[in-house]
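Student:
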Amino acid sequence: MPKNSKVTQREHSSEHVTESVADLLAHQEPVDYKRSVLNVTGEAWDKQKEGEEELDAENRPAWNSKLQYILAQIGYSVGLGNVWRFPYLCQKNGGGAYLVPYLVLLIIIGLPLFFLELAVGQRIRRGSIGVWNYICPRLGGIGYASCLVCFFVGLYYNVIIGWSIFYFFKSFQYPLPWSECPLVKNGSVAVVETECERSSATTYFWYRETLDISNSISESGGLNWKMTLCLLVAWSLVGLAMIKGIQSSGKVMYFSSLFPYLVLVCFLVRGLLLRGAVDGIMHMFTPKLDKMLDPQVWREAATQVFFALGLGFGGVIAFSSYNKQDNNCHFDATLVSFINFFTSVLATLVVFAVLGFKANIMNEKCVVENAEKILGYLNTNVLSHDLIPPHVNFSHLTAKDYNEMYRVIMTVKEGHFKELGLDACLLEDELNKSVQGTGLAFIAFTEAMTHFPASPFWSVMFFLMLINLGLGSMIGTMSGITTPIIDTFKVRKEVFTVGCCIFAFVVGLIFVQRSGNYFVTMFDDYSATLPLTVVVILENIAVAWIYGTKKFMQELTEMLGFRPYQFYYYTWKYVSPICMAVLMTASIIQLGVSPPGYSAWIREEAAEKFLFYPTWAMAILISLIILASLPLPLVFILRQFHLVSDGSNALSVTYKKGRMMKDISNLEDNDETRFILSKVPSETPSPMPTHRSYLGPGSNSPMEMSSAPNGRYGSGYLLASTPESEL
1 MPKNSKVTQR EHSSEHVTES VADLLAHQEP VDYKRSVLNV TGEAWDKQKE
51 GEEELDAENR PAWNSKLQYI LAQIGYSVGL GNVWRFPYLC QKNGGGAYLV
101 PYLVLLIIIG LPLFFLELAV GQRIRRGSIG VWNYICPRLG GIGYASCLVC
151 FFVGLYYNVI IGWSIFYFFK SFQYPLPWSE CPLVKNGSVA VVETECERSS
201 ATTYFWYRET LDISNSISES GGLNWKMTLC LLVAWSLVGL AMIKGIQSSG
251 KVMYFSSLFP YLVLVCFLVR GLLLRGAVDG IMHMFTPKLD KMLDPQVWRE
301 AATQVFFALG LGFGGVIAFS SYNKQDNNCH FDATLVSFIN FFTSVLATLV
351 VFAVLGFKAN IMNEKCVVEN AEKILGYLNT NVLSHDLIPP HVNFSHLTAK
401 DYNEMYRVIM TVKEGHFKEL GLDACLLEDE LNKSVQGTGL AFIAFTEAMT
451 HFPASPFWSV MFFLMLINLG LGSMIGTMSG ITTPIIDTFK VRKEVFTVGC
501 CIFAFVVGLI FVQRSGNYFV TMFDDYSATL PLTVVVILEN IAVAWIYGTK
551 KFMQELTEML GFRPYQFYYY TWKYVSPICM AVLMTASIIQ LGVSPPGYSA
601 WIREEAAEKF LFYPTWAMAI LISLIILASL PLPLVFILRQ FHLVSDGSNA
651 LSVTYKKGRM MKDISNLEDN DETRFILSKV PSETPSPMPT HRSYLGPGSN
701 SPMEMSSAPN GRYGSGYLLA STPESEL
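With UniProt numbering applied, the sequence shown covers 1 to 727.
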């Protein structure tokens with residue numbers, strides 16, 4: 001206490017004390033508790049660092065509008081999986097019946113956990129590292145694990161954007177380059193490329209022209225320079241969108257989030273006008289109710305819900321941390337969750353309308369080819385003309401006429417039917433050929449578009465949509481890395497973003513060698529699923545069981561202005577942790593039961609073949625899972641045994657004379673004692689949750705901390721009950 005202070009003067013004076021506590025504090029010099037005896041962290045006072053931290057708290061970026069924020073969350077959660085994963089799962093798991101388990105799990109797992117991440121990000125206003133350091137320092141590894149998983153996913157996800165960029169530029173020509181097999185010179189004769197003839201034009205273009213793929217993961221084959229250049233363009237786009245943080249990425253989201261919906265609606269209208277589109281949609285929505293009792297269907301639905309909303313990556317927390325404290329994040333969670341669901345349904349309608357059209361085209365082609373075989377057998381007297389129904393006209397042969405003729409021949413020639421080599425040519429068989437991922441986007445869908453009128457236009461639109469879907473998800477994924485790192489380590493935003501993109505591009509070269517597609521498959525299957533499931537379970541436990549569901553609900557009530565439904569209390573505390581634990585167990589069992597392998601394209605056979613990973617690839621696979629999960633036990637051990645600081649006291653806790661005057665000017669008489677004893681006056685509720693200081697090595701007793709409004713983020717004053725002898 002300064003010697004000229006009023007308190008010191010009173011100690012040597014016999015005058016009666018008549019001034020109030022407010023008067024004393026108003027005349028007192030500003031006190032910084034990092035330099036006082038109240039500093040329990042043992043941290044050396046750094047004036048420059050303190051100024052930077054306070055400035056950071058005062059000037060944290062914010063969204064320009066609510067619309068910009070909603071579009072950012074939609075752009076992040078609605079990604080490539082909605083277009084090429086959800087339709088496949090819908091087709092595989094019972095058509096319309098699959099929507100029931102998906103919607104149930106979206107409500108009891110997806111929505112509550114999505115709301116939880118939005119709430120903690122908005123409440124604490126930090127990235128994933130800062131949020132989990134604050135809520136439970138010993139589980140601070142959650143934030144670091146999220147960053148690692150985001151990095152792994154971003155590495156291969158941007159490769160897919162690179163593939164889309166390649167197809168986008170190749171679409172500006174007529175006919176489309178994947179519409180016909182190329183011809184090769186064999187002496188003076190031009191013949192069709194053997195690999196293409198034995199597969200299809202679109203399959204050949206994907207595996208040979210685009211990827212120039214090797215026969216196995218062990219055959220590197222060197223870099224594919226076309227894909228390397230496309231990957232460089234993809235990382236340049238991400239870097240430019242991210243370089244200014246949400247100031248730049250927020251503007252990009254206006255286009256990247258809305259444009260895919262425009263394309264999907266255009267494709268739906270065009271698709272419904274195509275012959276056979278109704279067959280595809282009817283096939284999709286015909287429910288197979290027995291599938292609803294299959295546990296595998298529920299497991300795949302839960303996994304899709306989990307990844308569709310981007311839970312555990314840190315992007316949701318990062319985006320919500322730039323919100324105002326009083327933003328209604330419950331409305332945001334509900335809106336984004338159901339927009340995500342309806343987008344998946346819209347994309348499924350588009351996919352099955354187009355695949356229904358393709359199935360009709362392929363079925364007609366099958367009928368023509370087999371009719372030619374039958375005519376050949378009739379001309380060589382292998383088959384009798386009496387077997388052909390009189391109304392059948394080979395010049396205008398319909399699928400119905402062919403099926404009737406096929407059944408007659410099969411009945412009469414039962415013993416030698418297989419030798420004829422005739423196909424049934426059933427539309428149902430074509431519709432049941434399930435495709436997903438790159439097989440859907442770069443083979444099945446591209447093949448269907450070759451039959452569209454003005455096919456280059458639709459191809460340009462489709463791949464531009466894929467680029468925008470990928471870019472929106474990549475911005476959210478990269479925000480899951482940049483926001484917590486910049487918040488925690490105070491690095492320059494522009495420098496870190498550019499450095500991160502350059503480093504990711506260099507590491508990502510592994511995915512653009514000729515065997516790169518096999519590494520994409522490995523990372524997609526194993527780098528994120530298990531670690532992210534563990535991360536989300538620990539997030540749920542940290543809030544519901546360690547921080548306390550009742551306390552969290554009370555703070556949400558203060559923040560939102562209304563109390564969230566009791567539904568969230570029970571889902572956070574019981575339902576979601578149990579469901580996620582079951583999902584994690586099922587994922588581990590699935591990993592153990594399914595042999596780790598990949599589908600390799602064998603050039604000589606012009607076909608896919610399942611191969612097991614070699615030993616060195618298995619080592620990489622296991623290392624990915626371990627490395628992504630390692631921060632969780634490592635941070636817990638280091639903080640449990642006080643080997644490192646908890647990282648929760650990142651914000652300097654100071655007050656200034658002007659602010660103290662403002663805050664105490666309206667104190668009532670009965671509030672002065674509460675103010676001194678660390679009780680916040682009722683008139684100034686805290687916008688931040690009560691901070692629970694983690695005591696470092698050698699600490700004997702906890703200090704009571706309170707927070708009062710201080711600047712933009714309510715970084716409160718650190719006040720404590722101290723012995724009178726220290727005044």
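No residue lacks a Cβ here, since even glycine has one placed at the ideal position from N, Cα and C.
#1: What residues in its chain sit with their C-beta under 6 angstroms from that of residue 516, if we drop five residues either side in the sequence?
#2: What's the gap between the Cα of residue 380 and the Cα of residue 369?
#3: Using a 10 Å radius around the Cβ and a threshold of 16 neighbouring Cβ atoms, would you call residue 332 buried or exposed?
#4: Suppose you measure from the CA of residue 489 to the CA of residue 637; what does that come to, to the nearest Å?
#5: In or out: residue 241 buried (at least 16 other Cβ within 10 Å) or exposed?
#6: Under the three-state reduction of DSSP, which class applies to residue 566: helix, strand or coil?
#7: Three-state secondary structure (DSSP) at residue 183?
#8: Within its chain, find whatever has a CB closer than 8 angstroms to the CB of residue 732; leave out the 5 residues flanking it on each side and keep chain order.
#9: From which residue to which residue does the beta strand (DSSP E) around residue 448 run?
#10: If you drop the 5 nearest sequence neighbours on each side, which residues of the same chain put their C-beta closer than 6 angstroms to that of residue 277?
#11: Would you mind giving the Cβ-Cβ distance between residue 456 and residue 171, rounded to the nearest angstrom? I have them listed as a contact below 8 angstroms.
#12: Can you grab the Cα-Cα spacing for the pair residue 263 / residue 594, in whole Å?
#13: Look up residue 322 in the DSSP assignment and say whether it is helix, strand or coil.
#14: Starting from the C-beta of residue 424, find all residues in its chain whose C-beta is less than 8 angstroms away, skip the five residues before and the five after it, and write them out in chain order.
#15: Can the beta-carbon of residue 729 be found less than 8 angstroms from the beta-carbon of residue 81?
#16: For residue 521, which of 617, 189, 541 has the nearest alpha-carbon?
#17: If contact is defined by three or more beta carbon pairs under 8 angstroms, each pair taking one atom from either stretch, is the region 301-314 in contact with the region 527-535?
#18: Distance check for residue 74 and residue 62, CA to CA, integer angstroms please.
#19: With DSSP collapsed to three states, give me the class of residue 606.
#20: Excluding the 5 residues flanking residue 174 on each side, which residues of the same chain have their C-beta closer than 7 angstroms to its C-beta?
#21: Give a yes or no on whether the C-beta atoms belonging to residue 158 and residue 235 are separated by under 8 angstroms.
#22: With hydrogens ignored, establish whether the beta-carbon of residue 360 is closer than 7 angstroms to any heavy atom of the ligand ZN.
#23: With 16 as the cutoff for other CB atoms within 10 Å, does residue 247 come out buried or exposed?
#24: In three-state DSSP terms, what is residue 173?
#25: Would you identify the three-state DSSP class for residue 601, choosing helix, strand or coil?
#26: Here's the rule I'm using: 16 or more other beta-carbon atoms within 10 Å means buried, otherwise exposed. How should residue 286 be labelled?
#27: For residue 190, which residues of its own chain have a beta-carbon under 6 angstroms away from its beta-carbon, when the five flanking residues on both sides are left out?
#28: For a test of the three-state rule: what should DSSP assign to residue 353, helix, strand or coil?
#29: Quick one: what does DSSP say residue 42 is sitting in, helix, strand or coil?
#30: What are the boundary residues of the beta strand (DSSP E) that residue 192 is part of?
#31: From the DSSP output, which residues share a beta bridge with residue 223?
#32: Between the Cα of residue 87 and the Cα atoms of 487, 117, 284, 372, which residue gives the shortest distance?
#33: For residue 634, does the count of other Cβ atoms within 10 angstroms reach 16, so buried, or fall short, so exposed?
#34: What span of residues does the alpha helix (DSSP H) with residue 209 cover, start to end?
#35: Is the separation between the beta-carbon of residue 545 and that of residue 116 shorter than 8 angstroms?
#36: Near residue 243, what residues of its chain come up, given a Cβ to Cβ distance below 6 angstroms and the 5 sequence neighbours on each side ignored?
Tutor: According to the structure shown:
#1: As a working mapping, residue 516 is identified with position 516 in the sequence shown. No residues qualify anywhere along the chain.
#2: By 1-based counting over the sequence shown, the position of residue 380 is 380. By 1-based counting over the sequence shown, the position of residue 369 is 369. Rounded to the nearest angstrom, the gap between the Cα atoms of residue 380 and residue 369 is 17 angstroms.
#3: Sequence index remark: in the sequence shown, residue 332 carries index 332 (1-based). Classification for residue 332: buried.
#4: Residue mapping note: residue 489 aligns to position 489 of the sequence shown, counting from 1. Residue mapping note: residue 637 aligns to position 637 of the sequence shown, counting from 1. Per the coordinates, the alpha-carbon of residue 489 lies some 21 angstroms from the alpha-carbon of residue 637.
#5: What you label residue 241 is simply residue 241 of the sequence shown in a count that begins at 1. Buried.
#6: Position 566 of the sequence shown, counted from the start, is the residue given in the question as residue 566. In the structure shown, residue 566 adopts helical secondary structure according to DSSP, grouped into three states.
#7: Position 183 of the sequence shown, counted from the first residue, corresponds to residue 183. The answer is strand: DSSP assigns residue 183 an E or B state.
#8: Residue 732 is absent from the model: the chain starts at 1 and stops at 727.
#9: In the sequence shown, the residue the question calls residue 448 occupies position 448. Element bounds for residue 448: not the beta strand (DSSP E) but the alpha helix (DSSP H), 445-449.
#10: Against the sequence shown, residue 277 aligns to sequence position 277. Contacts found: 271, 353, 356, 357.
#11: Reading the sequence shown from its first residue, position 456 is the one you call residue 456. Reading the sequence shown from its first residue, position 171 is the one you call residue 171. The C-beta separation of residue 456 from residue 171 comes to about 5 angstroms, placing the pair in contact by the 8 angstroms criterion.
#12: Position 263 of the sequence shown, counted from the start, is the residue given in the question as residue 263. Position 594 of the sequence shown, counted from the start, is the residue given in the question as residue 594. CA-CA distance, residue 263 to residue 594, rounds to 37 angstroms.
#13: Translated into the one-based positions of the sequence shown, residue 322 becomes position 322. Residue 322 falls in the coil class under three-state DSSP.
#14: By one-based count along the sequence shown, residue 424 stands at place 424. Around residue 424: 403, 406.
#15: Residue 729 falls outside the range modelled here, since the chain spans only 1 to 727, and no answer is possible.
#16: Residue 521 sits at position 521 when you count from the first residue of the sequence shown. Nearest option by C-alpha distance: 617.
#17: Taking 8 angstroms as the limit for Cβ pairs, the verdict is that the region 301-314 does touch the region 527-535.
#18: Walking along the sequence shown from the start, residue 62 turns up at place 62. Walking along the sequence shown from the start, residue 74 turns up at place 74. Their Cα atoms are separated by approximately 17 angstroms.
#19: Here residue 606 is taken as the residue at index 606 of the sequence shown, counted from 1. Coil at residue 606, not helix or strand.
#20: Residue numbering aside, residue 174 sits at position 174 when the sequence shown is read from its first letter. Answer for residue 174: 456, listed in chain order.
#21: Within the sequence shown, residue 158 is the residue found at index 158, counting from 1. Within the sequence shown, residue 235 is the residue found at index 235, counting from 1. In this structure, residue 235 lies closer than 8 angstroms to residue 158 by Cβ.
#22: Within the structure as shown, the ligand ZN is missing, as the structure has no ligands at all.
#23: As a first step, residue 247 must be located in the sequence shown, where it is residue number 247. The C-beta of residue 247 has fewer than 16 other C-beta atoms within 10 Å across all chains shown, which makes the residue exposed.
#24: In the sequence shown, the residue the question calls residue 173 occupies position 173. Three-state result, residue 173: coil.
#25: Locating residue 601 in the sequence shown gives position 601, where the first residue counts as 1. Residue state for residue 601 is assigned as strand, using DSSP reduced to three classes.
#26: Counted from its first residue, the sequence shown places residue 286 at position 286. By the neighbour-count definition (other C-beta atoms within 10 Å, threshold 16), residue 286 is an exposed residue.
#27: Here residue 190 is taken as the residue at index 190 of the sequence shown, counted from 1. So the qualifying residues of the chain are 183.
#28: Counting from one through the sequence shown, the residue named residue 353 turns up at place 353. Note: residue 353 maps to helix in three-state DSSP.
#29: Residue mapping note: residue 42 aligns to position 42 of the sequence shown, counting from 1. Note that residue 42 has pLDDT 43, beneath the 50 cutoff, so the model's placement of it is unreliable and no number is given.
#30: Walking along the sequence shown from the start, residue 192 turns up at place 192. First-last of the beta strand (DSSP E) with residue 192: 189-192.
#31: Locating residue 223 in the sequence shown gives position 223, where the first residue counts as 1. Residue pairing for residue 223: DSSP places it in a beta bridge opposite 513.
#32: One-based indexing of the sequence shown puts residue 87 at position 87. Out of 487, 117, 284, 372, 284 has the C-alpha closest to the C-alpha of residue 87.
#33: Walking along the sequence shown from the start, residue 634 turns up at place 634. Exposed: under 16 other Cβ atoms inside 10 Å.
#34: Residue mapping note: residue 209 aligns to position 209 of the sequence shown, counting from 1. Counting along the chain, residue 209 falls outside any alpha helix (DSSP H), and DSSP gives it neither H nor E.
#35: Reading the sequence shown from its first residue, position 545 is the one you call residue 545. Reading the sequence shown from its first residue, position 116 is the one you call residue 116. No, the Cβ-Cβ distance between residue 545 and residue 116 is not below 8 angstroms.
#36: For the purposes of this step, residue 243 is identified with residue 243 of the sequence shown, where counting begins at 1. These residues qualify, in order along the chain: 494, 497.
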